[in-house]
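A.B. asks: Numbering (the numbering used here), first residue to last: 2 to 491. Don't be surprised by glycine CBs; every beta carbon is placed ideally from N, CA and C. If you're wondering where the values come from, they're calculated on a predicted model, not measured in any experiment. Take a look at the following structure, please.
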Amino acid sequence: MSKGIISKDEDYSQWFNDLVIKADLAEYSPVRGCMIIKPYGYSIWEKMQAVLDKMFKDTGHSNAYFPLFIPKSFFSKEASHVEGFAKECAVVTHYRLKNDGEGNIIVDEEAKLEEELIVRPTSETIIWNTYKGWIQSYRDLPILVNQWANVVRWEMRTRLFLRTSEFLWQEGHTAHATAEEAIAEAEQMLEVYADFAENWLAVPVVKGRKTPNERFAGALDTYCIEALMQDGKALQAGTSHFLGQNFAKAFDVKFTDKENKLDYVWATSWGVSTRLMGALIMSHSDDAGLVIPPMLAPIQVVVVPIYKHDEELENITAYVKGLTTELKAKNISIKFDNRDTQRPGFKFAEYELKGVPLRVAIGSRDMQNGTVELARRDTRTKETVAQEGLADRIEALLEEIQQNIFKKASDFNKENTTEVDTYEEFKRLLDEKPGFLSAHWDGTPETEQRIKDETKATIRCIPLNNKQEEGKCILTGKPSTQRVLFARAY
Numbered sequence: 002m003s004k005g006i007i008s009k010d011e012d013y014s015q016w017f018n019d020l021v022i023k024a025d026l027a028e029y030s031p032v033r034g035c036m037i038i039k040p041y042g043y044s045i046w047e048k049m050q051a052v053l054d055k056m057f058k059d060t061g062h063s064n065a066y067f068p069l070f071i072p073k074s075f076f077s078k079e080a081s082h083v084e085g086f087a088k089e090c091a092v093v094t095h096y097r098l099k100n101d102g103e104g105n106i107i108v109d110e111e112a113k114l115e116e117e118l119i120v121r122p123t124s125e126t127i128i129w130n131t132y133k134g135w136i137q138s139y140r141d142l143p144i145l146v147n148q149w150a151n152v153v154r155w156e157m158r159t160r161l162f163l164r165t166s167e168f169l170w171q172e173g174h175t176a177h178a179t180a181e182e183a184i185a186e187a188e189q190m191l192e193v194y195a196d197f198a199e200n201w202l203a204v205p206v207v208k209g210r211k212t213p214n215e216r217f218a219g220a221l222d223t224y225c226i227e228a229l230m231q232d233g234k235a236l237q238a239g240t241s242h243f244l245g246q247n248f249a250k251a252f253d254v255k256f257t258d259k260e261n262k263l264d265y266v267w268a269t270s271w272g273v274s275t276r277l278m279g280a281l282i283m284s285h286s287d288d289a290g291l292v293i294p295p296m297l298a299p300i301q302v303v304v305v306p307i308y309k310h311d312e313e314l315e316n317i318t319a320y321v322k323g324l325t326t327e328l329k330a331k332n333i334s335i336k337f338d339n340r341d342t343q344r345p346g347f348k349f350a351e352y353e354l355k356g357v358p359l360r361v362a363i364g365s366r367d368m369q370n371g372t373v374e375l376a377r378r379d380t381r382t383k384e385t386v387a388q389e390g391l392a393d394r395i396e397a398l399l400e401e402i403q404q405n406i407f408k409k410a411s412d413f414n415k416e417n418t419t420e421v422d423t424y425e426e427f428k429r430l431l432d433e434k435p436g437f438l439s440a441h442w443d444g445t446p447e448t449e450q451r452i453k454d455e456t457k458a459t460i461r462c463i464p465l466n467n468k469q470e471e472g473k474c475i476l477t478g479k480p481s482t483q484r485v486l487f488a489r490a491y
């Protein structure tokens, strides 16, 4: 393929990797399993961050920050939680280096920590230890806190953005006086994530609950949004957890209620990560490069001048200056690429690779005719239009592009969600037509695990507001009251 990107139909995994690197989103770091997010990639993450941060604050949450290091003893207080993360923890045992006298830097064995510290894989334990000092009565509730941070989960097999040992995320941690309030919070945050995924990322999602096998470690209930990538694999794009009183009991966080009775606090946690970058790339992009929804594009419009003489460039520049003012007034980001070090053709290919939604080309003949050439990234179509009213036209086109990208992904989801009634058909479709398979399941963790072991497909979720219907489990033939969504997943 051009630009050194293999076709996604030939090797989807390699296509994704090529695209992340060639489009300047990220690269591998000297530290195995970690990545360097490059400025262009980080600018997309910053836009995601800004939108989500406003959504969190609009729903009453405030940001705080908690330590990167967590005492090992904190993890042992919530048994299921530590069991869920034990194999992924990075552990700090010493606090000093020294020179061995031969020019080598070694760990100072005398500088051993009294208690090992865990580099946070998630912050429930240290936050609930902190909340104990913040909460005495119902007047102190609810606590609605979010943290933007990095976390470490030691991974053996890593992929840029999708699974790295260190990644960026946000984690919300809330405390409530009643179970009902906590459940409402967990459900509300799921809706926030779904809203963001569909209206900003342009990624259609299925909202649902995880099965007990797939729940977050230490949760009573896990809500999730599941997205379908172009290779037919599912991607968990966000989770929200009802933690019950598990962490409050583990850290002895009690409050006096309105009846002056002592009770444990009810908890939630919820988070999304830089994995959303993977969702954006794999949902929309093609063999020519990234396709970025206008709502999240760092550069929404790029203008490329085509000229032979400085005088022609001056005329084009004067026009673009006015267009820039108009677009900025509409909160549309625009870049005027007047570099004289690269030819227009190179620039066209570069911005196509980087997924800029709209490209405007203006030459001297366009200036004479009062026209420009508009090129859409989503459809890769071009048209010549009048300069007059161009800002309004661009504004409308960006909205149309956003909707078109979402519609294309939605149509793909519908075409690749299939109801299956037999285990033979289930196994065949997993190989022949990957996607969401809607099937009956007998509700037991044993059946779920056996299907996973035999097919590598997991129950992605039990959809919310699921249609109730009688059926038989595809594996055991036992009675079932509803279908669940299976898929192979990232």
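For His174, which residues of its own chain have a beta-carbon under 6 Å away from its beta-carbon, when the five flanking residues on both sides are left out?
C.D. replies: Ile128, Val146, Ser270
A.B. asks: Whose C-beta lies closer than 8 Å to the C-beta of Phe349 among residues of the same chain, with five residues either side of it excluded?
C.D. replies: Val305, Arg360, Ala362, Ala376
A.B. asks: Assuming contact is defined by CB atoms lying nearer than 9 Å, are Ala228 and Ala280 in contact in what I supplied?
C.D. replies: yes
A.B. asks: Where does Leu328 fall in DSSP's three states?
C.D. replies: helix
A.B. asks: Give the list of continuous beta strand (DSSP E) stretches no shorter than 3 residues that lie fully inside the segment 285-313.
C.D. replies: 302-307
A.B. asks: State the DSSP-derived secondary structure class of Ile136, mapped to helix, strand or coil.
C.D. replies: coil
A.B. asks: Considering only residues of the same chain and omitting the five flanking positions on each side of Arg489, which have a CB-CB separation below 6 Å?
C.D. replies: Scanning its chain for C-beta atoms nearer than 6 Å, with the 5 sequence neighbours on each side dropped, one finds around Arg489 the residues Lys234, Lys457, Ala458, in chain order.
A.B. asks: Measuring only the C-alpha atoms, how far is Trp155 from Glu167?
C.D. replies: 8 Å
A.B. asks: Count the CB pairs spanning the segment 412-419 and the segment 434-445 that are closer than 8 Å, and state whether there are at least three.
C.D. replies: yes
A.B. asks: Report the three-state DSSP secondary structure of Arg484 (helix, strand or coil).
C.D. replies: strand
A.B. asks: Straight-line CA distance for Leu114 to His95?
C.D. replies: 5 Å
A.B. asks: Evaluate Asp379 with the Cβ neighbour count: other Cβ atoms within 10 Å of its Cβ, from every protein chain shown; 16 or more gives buried, anything less gives exposed.
C.D. replies: Counting of Cβ neighbours within 10 angstroms places Asp379 among the buried residues, the total reaching 16 or more.
A.B. asks: Assuming the contact rule is C-beta atoms closer than 8 Å, Asp288 and Ile71 should be a hit. Round their C-beta distance to whole Å, please.
C.D. replies: That pair is no contact at about 44 Å.
A.B. asks: Quick one: give me the first and last residue of the alpha helix (DSSP H) that Thr448 is part of.
C.D. replies: Note, Thr448: alpha helix (DSSP H), 446-456.
A.B. asks: Label Glu215 either buried or exposed according to how many other C-beta atoms from any shown protein chain fall within 10 Å of its C-beta, with 16 as the threshold for buried.
C.D. replies: buried
A.B. asks: Can you find the residues in the same chain that come closer than 8 Å, C-beta to C-beta, to Val266, ignoring five residues on each side of it along the sequence?
C.D. replies: Tyr132, Ile136, Leu142, Ala176, His177, Ala178, Gln246, Ala249, Val254, Lys255, Phe256
A.B. asks: Just reading off the alpha helix (DSSP H) that Lys88 is part of, what are its end residues?
C.D. replies: Annotation: Lys88 is outside any alpha helix (DSSP H) and is labelled neither H nor E by DSSP.
A.B. asks: Have a look at Gln404 and Met368 and give me their C-alpha separation to the nearest angstrom.
C.D. replies: One C-alpha to the other measures close to 31 Å.
A.B. asks: What number of angstroms, rounded off, separates the C-alpha of Leu399 from the C-alpha of Pro295?
C.D. replies: 6 Å
A.B. asks: In angstroms, rounded to a whole number, what distance separates the CA positions of Val485 and Ala410?
C.D. replies: 21 Å
A.B. asks: Which residues mark the beginning and the end of the beta strand (DSSP E) in which Glu260 is found?
C.D. replies: Element bounds for Glu260: n/a, residue is neither H nor E.
A.B. asks: Starting from the C-beta of Met2, find all residues in its chain whose C-beta is less than 7 Å away, skip the five residues before and the five after it, and write them out in chain order.
C.D. replies: The predicted position of Met2 is uncertain, since its pLDDT is 38 and thus under 50; no value can be drawn from it.
A.B. asks: Compare the beta carbon distance of Ile395 and Pro345 with 9 Å and say whether it is the shorter of the two.
C.D. replies: no
A.B. asks: Ignore the nearest five residues each way along the sequence and tell me which others in Pro122's own chain have a CB closer than 7 Å to its CB.
C.D. replies: Phe86, Glu89, Cys90, Val152, Val153, Arg154
A.B. asks: In three-state DSSP terms, what is Asp338?
C.D. replies: DSSP places Asp338 outside both helix and strand once states are collapsed to three, so it counts as coil.
A.B. asks: Considering Cα atoms alone, identify which of Cys462, Gln189, Ile226 is closest to Phe57.
C.D. replies: Gln189
A.B. asks: If you measure between the beta carbons of Ile184 and Val206, is that distance less than 9 Å?
C.D. replies: no
A.B. asks: Buried or exposed, going by whether 16 or more other CB atoms sit within 10 Å of the CB of Tyr66?
C.D. replies: exposed
A.B. asks: Using 8 Å as the cut-off, can you tell me whether the segment 68-83 makes contact with the segment 157-172, which would need three or more C-beta pairs spanning the two stretches below that distance?
C.D. replies: no
A.B. asks: Give me, in chain order, the residues of the same chain whose beta-carbon lies closer than 8 Å to that of Gly290; leave out the 5 immediate sequence neighbours on both sides.
C.D. replies: Lys4, Ile6, Leu20, Lys23, Ala24, Glu353, Leu354, Lys355, Gly356
A.B. asks: Classify Asn370: buried if its beta carbon has 16 or more other beta carbons within 10 angstroms, exposed otherwise.
C.D. replies: exposed
A.B. asks: Between Pro480 and Glu471, is the Cβ-Cβ spacing less than 9 Å?
C.D. replies: yes
A.B. asks: Please classify Leu202: does DSSP put it in a helix, a strand, or coil?
C.D. replies: In the structure shown, Leu202 falls within a coil segment according to DSSP collapsed to helix, strand and coil.
A.B. asks: Are there 16 or more other CB atoms within 10 angstroms of the CB of Pro358, so buried, or fewer, so exposed?
C.D. replies: buried
A.B. asks: Would you mind giving the Cβ-Cβ distance between Tyr491 and Leu236, rounded to the nearest angstrom? I have them listed as a contact below 8 Å.
C.D. replies: 5 Å
A.B. asks: Kindly indicate which residue of Asp10, Val52, Leu465, Glu315 has the alpha-carbon position closest to the one of Met230.
C.D. replies: The residue with the shortest Cα to Cα distance from Met230 is Asp10.
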